[in-house]
Every structure is written in C-alpha cells, then in structure tokens.
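Be aware that the sequence shown starts at 1489, since it is given in our numbering, and climbs by one per residue. Heads up, the beta-carbon is just placed ideally off N, CA and C, and yes, glycines get one too. Please read these numbers as outputs of a predicted model, since none were measured by experiment. Below: one structure, written as structure tokens.
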Amino acid sequence: MCGIVGYIGFREAYPIILKGLKRLEYRGYDSAGIALYDGENIKLSKTKGKVDDLERKIKSEISTKGSLGIGHTRWATHGVPNDINSHPHYSKSGDLVIIHNGIIENYESLKKELIQRGYSFTSDTDTEVLINLIEDIKKSENIKLGKAVQIALTQVVGAYAIAVFDKNKPNEIVVARLGSPLAIGVGDDEFFIASDASPFIEYTNNAIYLEDEEMAIVRRDKPIKIRKIKDDSLVNPYVQELQLNLEQIEKGGYDHFMLKEIHEQPHAIKDTYRGRLRVNEGIIKMAGVDDNIEKFLNAKRIIVVACGTSWHAGLVSEYIFENFARIPVEVEYASEFRYRNPIINENDVVIAISQSGETADTLAAIKLAKSRGAFVFGVCNVVGSTIARETDAGAYTHAGPEIGVASTKAFTTQITVLTLIALKLAKAKGTISNSDYHLTLGELELIPQKVETALGSDAHIKSIAHTYKDSKNCLYLGRGYNFPVALEGALKLKEISYIHAEGYPAAEMKHGPIALIDENMPIIVIATKKGHYDKIVSNIQEIKSRKGKIIGIVTEGDQTVKGLADHVIEVPDTLESLSPLLTTIPLQLLSYHIAVMLDKNVDQPRNLAKSVTVE
Ligand code: G6P
1489 MCGIVGYIGF REAYPIILKG LKRLEYRGYD SAGIALYDGE NIKLSKTKGK VDDLERKIKS
1549 EISTKGSLGI GHTRWATHGV PNDINSHPHY SKSGDLVIIH NGIIENYESL KKELIQRGYS
1609 FTSDTDTEVL INLIEDIKKS ENIKLGKAVQ IALTQVVGAY AIAVFDKNKP NEIVVARLGS
1669 PLAIGVGDDE FFIASDASPF IEYTNNAIYL EDEEMAIVRR DKPIKIRKIK DDSLVNPYVQ
1729 ELQLNLEQIE KGGYDHFMLK EIHEQPHAIK DTYRGRLRVN EGIIKMAGVD DNIEKFLNAK
1789 RIIVVACGTS WHAGLVSEYI FENFARIPVE VEYASEFRYR NPIINENDVV IAISQSGETA
1849 DTLAAIKLAK SRGAFVFGVC NVVGSTIARE TDAGAYTHAG PEIGVASTKA FTTQITVLTL
1909 IALKLAKAKG TISNSDYHLT LGELELIPQK VETALGSDAH IKSIAHTYKD SKNCLYLGRG
1969 YNFPVALEGA LKLKEISYIH AEGYPAAEMK HGPIALIDEN MPIIVIATKK GHYDKIVSNI
2029 QEIKSRKGKI IGIVTEGDQT VKGLADHVIE VPDTLESLSP LLTTIPLQLL SYHIAVMLDK
2089 NVDQPRNLAK SVTVE
C-alpha cells in the first residue's frame, strides 16, 4: 500500500515523479504529494485525492523546477485521508522531508518522547513521527542524515520503505526498507527510487532491489552504498536487468487496465505454460518442482496460504490437487493462519499464492511455516518480489504486470500453474491414468483459444449487465471446481461496483441465501455440463420457483438451462477440472460492465489497493 517515487539526476524531477505516481496509483490513491528541491529550498504540495488532483493543484502552489524530488500516493493507515495527513512530511525545522510506505507500530510511544523533547505534530501520521525522530537524532548527535536514519530505524517497530532528503544536503536521497518494496533504478548520472520498476522503465533497465533491513544513500556523483541497518555492514549492490517494457504497463487502447487484463488472458495463460507444458512428449517441466520433487511426493498434506483472489485460486487448487494427486489440501487465509498457532511440520508442503508477492499476511504465514520446518513453495506473478525470494522454491505465473486493482489474469494464471503442478505430481505418484493425464495436458493447451471464444460473448454480457446494473444484491452459485469461481465472481462485483454480492456452494443455498431470493434478485449460476450438472439444474429449478432472475453460465449448446434461465452465457466445452479457467471470464466481464455503467472507478475502486503490505 502506498506508492513512493524519487528522482535525483540531471532531468526535471517533477514530470518523472508525477508520471511515476500515476503508475503506482494501484498501490493506493486516497491522497498524493510531491516535494522538490528547487536549488534553494524544498517546495512541497500535497492533497487529498488522486494524482490527477495533485497535478491540477500543484502548479498554482509551487514552482515545479528542480532535479531532486520525492512523491507519494497514499492508502491511509494512520489518520484519515486529508491534505495534512498526505505525504511528504516535513520535520519540525522544515529541513528534512520524507515519504513512507508502511506502518510504524510503536509511533505513539516515540511521539510521546518527542513531545517531551519539544516537538509538535501537525498530522495524525506515524510518518511525521519518524521524520522528527530522524531530525532529533541528527541534531542531538550532530551526525549526517544517513547515520541518523539508520539509528532511527533501529528504534522503530513496523514496516517501511522510505525516502528522505535534507535541504541542506541536496545531493542525496536516503532510502531504506523493511517489509515494503523499494527499487532503485540506476541510470547514467541519475537514479530513480520507486515501489516497483514501472516509474522508471523508460529511462533504465537496470535496477537494484533493496532487501529487508537494508538502506542506501543515493547520490548522483557517487556509486550507491548499501548497508545493513542493524549491523552497519556493507552490501554489494546487485544490479538486475529488467524484462519489463513500457507497453506492458500502458492501457494499449483499452478504456481500463482491468479490461485490457481480462483480454490478455489467452496470451497470459499461454505464457504461463510456455516451456513447461510439453504435450507431445507428455511431460511438464517446472524447475522449482523438479528440484524438490521428493518434498512434494512425501508431503502428508499441502497447505495453501493466500489472501483475496489468490485465496480463491487456492480453493480451486484444493479440488485439483486432491482429485489428481490425491494429496490432502487445506486452504487458509494467510491472516488467520499466521495468528492461530497452526499444527505444521516438516512433512507439510506450504504453497503461498500471491500476485504481487508482497502481501504482508501471506509473507508472515510463510515465515511462520518455514520456522516450523515446512517446505514453502511460492506461486507469484511479480518477479523478484519479497515472497518469491522468501520461499524455498517457486513458480512464476508470467502473467505480466497486473495493474487493475481487481485481479483477473492473475487468477487464471495461478490456476494454470497449480494445475501444472498437480498434474506433474499425479503423474509421478501414479494417481492419474495415462489417458486422463494426456487428455488433460492436451485440453490445457487448448484453453487459451477457448478463453478467446469466451471473450467473444462480451457484447451479450454487456446487455445483461445493463439489465442488472441497478440491483442491490447478487448471488453467485457454483458447485465443485466452480464453487470458488462463484466466490471470485461475487468478489469482482463487490470490489468494483459496490453491489453487495455473495458466492455460495449451490446446494448450500437452501441453508440461508434462499431466503433472500425474490423477483429482484439476480442469481448467477455456473452450470456447465460436466460434474454436478443434474444437481445444479435442480438448484436452478428451486430458484425459479421463487422467481429469482437466473443468469446461467453454461456449456456451448446447452438447452436445459436455457429453457429455465432468464439469460445464459455460453463458454466452450472443456474438462470439469479446467472449467474454472473459462467460467471465470464471463463473471469478470459482467462485473466490469456493471461497474462502468455505474460510473465507478474500475481500476481504482474505493478503499482498496492492489498490494496490501500492511496486516
Ligand atoms: C488485494 C488486492 C486483491 C488481491 C489480494 C491479494 O486485496 O486488491 O486483488 O487478490 O490483495 O494479493 P496478492 O498480491 O497477494 O495476490
């Protein structure tokens, strides 16, 4: 949560920081601000609202000149979103200025001490406490900014990615991280600082990712120095070459990132299995699994930890792993798992699923599982992310950057990776017949073109969206593999249109939600031909008898549900185990169109953020 950007070099800093903040808005967007050094002084402008609001305001407030600056886009933790609580924050003297992504948990006790020492505070934030703590240490010990930052950070409990500069030493920016990501773009005679590489990708392909508990002094005229905050030891900067390109982080002609990402799914799924799925040879190559195959084969159970949409992908994988590989699976919310003293040991394999690879609760669950001896495998999208690095091994989804806050292609590519793993284990364990194995491999290879076909129903889905856009509630039902898809469909609608929606196992409807059904209630039922088709047709009859409005997600050519439902949306036929990869598509499009028709901010829904780095 929160995006940070900084620049020091020979160009004008303002346009770089502003554009960078727009790219990082997925991390938080309730307020924004920029501080620039204009050659004499710090100029600071900040506001409640989005980066566009800041852009409108800034030029009437300050000169945007200067080649050193920092900027922030906020997802509020301490203090409501307003102009004062927005970052950057000055120190009391006005000499120092800071941006911060994270939470300082012991800020209240630090604040009390600082108040006793004569400091006063204008905002409610933990960040203003941190910058004054730095100033206090710097002044009382008469030391340089870097050293003062280092000492201050040894006194704080919490998480941070920070950038600080001093108007009296305007040739350096001091940065540090613990628990929140921080990348440094390394150019010729210029440096960029950001929460991820997107703000600087058109300037340099070289980046250093700070590790936890590291800090760096970034100076134009000197090589970067990285130190461990606690023991002061120097770390050799590792400069990575980035694979990202500009096209991947732009909308490419679509109105929204979410729509672009929905349409990218055929390609993204192909990228996920490319080089791994070898249908002709009948093999699946995944280095992270191959190198640790004994761990997987000896596992007494698999525990999946994740949050949000990734948790839903985990639920789909429970069906896949248990069905194919006959390994018991438990799917846990990372936030619950980490605090409930789980029974876990070296016979367990933990699979952590995370698009961003930065989710704080998932990261904490990983650390807990590792400390108890479990083997932890990561399924992440963002290359080099904290979770990707913290896990013992892993497999990337290779979906490309996902910028829309509501996750779409991350979900289907996570399911693809998990299916590949399950099939691989099933083959090694002999729990799948040869014919089923080859059939599933072949079908998986066809999924991208079937997703493309499912996307072809867009106009029809849009017309259904128009009919139901003013609904107050919505129910999503599915069985078996498609129960988690019902949860995911409901989540998508809630997230971006703010319509209350619930996902339920279709048969459970009788134990509660059926009481909600009347002629105003749209009910989306996933009723593809395989699996529990007859049972779900009975559930549809039960809804119909209570006059609910039925939108059926059906297999191409289905007549039975068509005869019962108010609307049907067809998806191509496939194996039941792979059907979530197709049934998800119309649910994503339905939510998207409803949100657009309601004039909601699809890519940046209220109160949410893409990367949740606070617990
Ligand atoms: C946030 C995002 C969701 C995402 C969840 C987990 O809530 O808005 O889209 O599913 O975090 O994120 P992760 O990056 O760990 O998959």
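Inset, instruction - Mind the definition here: the stretch 1869-1887 touches the stretch 1755-1768 only if three or more C-beta pairs lie below 8 Å; say whether that holds. - result: yes
Inset, instruction - Note down the Cα distance separating L1698 from L1975, rounded to an integer number of angstroms. - result: Residue mapping note: residue 1698 aligns to position 210 of the sequence shown, counting from 1. Residue mapping note: residue 1975 aligns to position 487 of the sequence shown, counting from 1. Each residue's alpha carbon lies about 36 Å from the other.
Legend entry - Under the three-state DSSP convention, the category L1509 falls into: Stepping through the sequence shown from its first residue, residue 1509 is reached at position 21. L1509: helix per DSSP, three-state reduction.
Legend entry - Touching by the beta-carbon criterion (3+ pairs, under 8 Å), the stretch 1851-1862 and the stretch 1820-1831: The stretch 1851-1862 vs the stretch 1820-1831: in contact.
Legend entry - Inter-stretch contact (C-beta, 8 Å, three-pair minimum) for the stretch 1512-1521 and the stretch 1561-1569: yes
Inset, instruction - Could you give the DSSP three-state label for G1776: helix, strand or coil? - result: For this step, residue 1776 is matched to residue 288 along the sequence shown. The answer is helix: DSSP assigns G1776 an H, G or I state.
Legend entry - Cβ-Cβ distance between A1848 and T1535 below 7 Å: Residue numbering aside, residue 1848 sits at position 360 when the sequence shown is read from its first letter. Residue numbering aside, residue 1535 sits at position 47 when the sequence shown is read from its first letter. Not in contact: A1848 and T1535 (Cβ atoms no closer than 7 Å).
Inset, instruction - Leaving aside the five residues before and after A2097 along the sequence, list all residues of the same chain whose C-beta is less than 6 Å from its C-beta, in chain order. - result: Along the sequence shown, one-based indexing puts residue 2097 at 609. The answer, listed in chain order, is M1489, R1515, G1516 and W1563.
Legend entry - Contact under 7 Å by Cβ, A1916 with V2059: On the sequence shown, position 428 is the one that residue 1916 refers to. On the sequence shown, position 571 is the one that residue 2059 refers to. No. Outside cutoff.
Inset, instruction - Assign A1947 to one of two classes, buried (16 or more other C-beta atoms within 10 Å of its C-beta) or exposed (fewer than that). - result: On the sequence shown, position 459 is the one that residue 1947 refers to. Its Cβ having fewer than 16 others within 10 Å, A1947 is exposed.
Inset, instruction - Evaluate T2016 with the Cβ neighbour count: other Cβ atoms within 10 Å of its Cβ, from every protein chain shown; 16 or more gives buried, anything less gives exposed. - result: As a position in the sequence shown, residue 2016 is number 528, starting the count at 1. By the 10 Å Cβ count, T2016 comes out buried.
Legend entry - Limits of the alpha helix (DSSP H) - the one that A1898 falls within: On the sequence shown, position 410 is the one that residue 1898 refers to. K1897 to K1917 is the extent of the alpha helix (DSSP H) around A1898.
Inset, instruction - Check whether the stretch 1666-1678 touches the stretch 1639-1652, counting contact only when three or more Cβ pairs, one atom from each stretch, lie closer than 8 Å. - result: yes
Inset, instruction - Starting from Y1514, trace the beta strand (DSSP E) both ways and give me its first and last residue. - result: Residue numbering aside, residue 1514 sits at position 26 when the sequence shown is read from its first letter. Element bounds for Y1514: n/a, residue is neither H nor E.
Inset, instruction - Report back the beta-carbon spacing between L1965 and N2027 to the nearest angstrom; my notes put them in contact at under 8 Å. - result: What you label residue 1965 is simply residue 477 of the sequence shown in a count that begins at 1. What you label residue 2027 is simply residue 539 of the sequence shown in a count that begins at 1. The distance from the Cβ of L1965 to that of N2027 is about 7 Å, consistent with a contact at the 8 Å cut-off.
Legend entry - Contact test: G1516 Cβ vs the ligand G6P heavy atom, cutoff 6 Å: Residue mapping note: residue 1516 aligns to position 28 of the sequence shown, counting from 1. For the ligand G6P, not one heavy atom lies less than 6 Å from the Cβ of G1516.
Inset, instruction - For N1620, collect the residues of the same chain with a Cβ closer than 8 Å to its Cβ; drop the 5 residues on either side in sequence, then sort them by chain order. - result: Taking the sequence shown and counting its residues from 1, one reaches residue 1620 at position 132. Around N1620: S1579, K1580, L1602, Y1607 and F1609.
Legend entry - Delimiting residues of the beta strand (DSSP E) encompassing I1587: Your numbering for residue 1587 matches position 99 in the sequence shown. L1584 to I1592 is the extent of the beta strand (DSSP E) around I1587.
Inset, instruction - Examine the Cβ distances between the stretch 1728-1739 and the stretch 1917-1936 and report whether three or more of them are shorter than 8 Å. - result: no
Inset, instruction - Just the C-alpha distance for Q1643 and L1932, rounded to the nearest angstrom, thanks. - result: As a working mapping, residue 1643 is identified with position 155 in the sequence shown. As a working mapping, residue 1932 is identified with position 444 in the sequence shown. Answer to the nearest angstrom: the Cα atoms are 52 Å apart.
Inset, instruction - Consider the C-beta atom of L2096 and the heavy atoms of the ligand G6P; say whether any pair is separated by less than 6 Å. - result: Translated into positions along the sequence shown, residue 2096 becomes position 608. For the ligand G6P, at least one heavy atom lies less than 6 Å from the Cβ of L2096.
Legend entry - beta-carbon T1613 near the ligand G6P non-hydrogen atom, thresh 6 Å: Walking along the sequence shown from the start, residue 1613 turns up at place 125. The answer is no for T1613.
Legend entry - First through last residue of the beta strand (DSSP E) which encompasses P2010: The count along the sequence shown starts at 1 and reaches residue 2010 at position 522. Looking at the DSSP string, the run of the beta strand (DSSP E) that includes P2010 is P2010 to A2015.
Legend entry - Distance between I1875 and A1671 (C-alpha atoms, nearest Å): Sequence index remark: in the sequence shown, residue 1671 carries index 183 (1-based). Sequence index remark: in the sequence shown, residue 1875 carries index 387 (1-based). Between A1671 and I1875, the C-alpha separation is close to 15 Å.
Inset, instruction - Just list the beta strand (DSSP E) runs in the stretch 1646-1677, keeping only unbroken ones of 3 residues or longer that don't cross its boundaries, in chain order. - result: 1646-1654, 1660-1666 and 1671-1674
Legend entry - For I1530: DSSP bridge partner residues: Here residue 1530 corresponds to residue number 42 of the sequence shown, with the count starting at 1. Y1525.
Legend entry - the stretch 1816-1823 touching the stretch 1771-1783, judged by at least three CB pairs closer than 8 Å: no
Inset, instruction - Taking all protein chains shown into account, decide if K1547 is buried (16 or more other Cβ within 10 angstroms of its Cβ) or exposed. - result: Residue 1547 sits at position 59 when you count from the first residue of the sequence shown. It is exposed - the Cβ of K1547 has fewer than 16 other Cβ atoms within 10 Å.
Inset, instruction - Reducing DSSP to helix, strand and coil, say where I2005 ends up. - result: Within the sequence shown, the letter at position 517 stands for residue 2005. Note: I2005 maps to coil in three-state DSSP.
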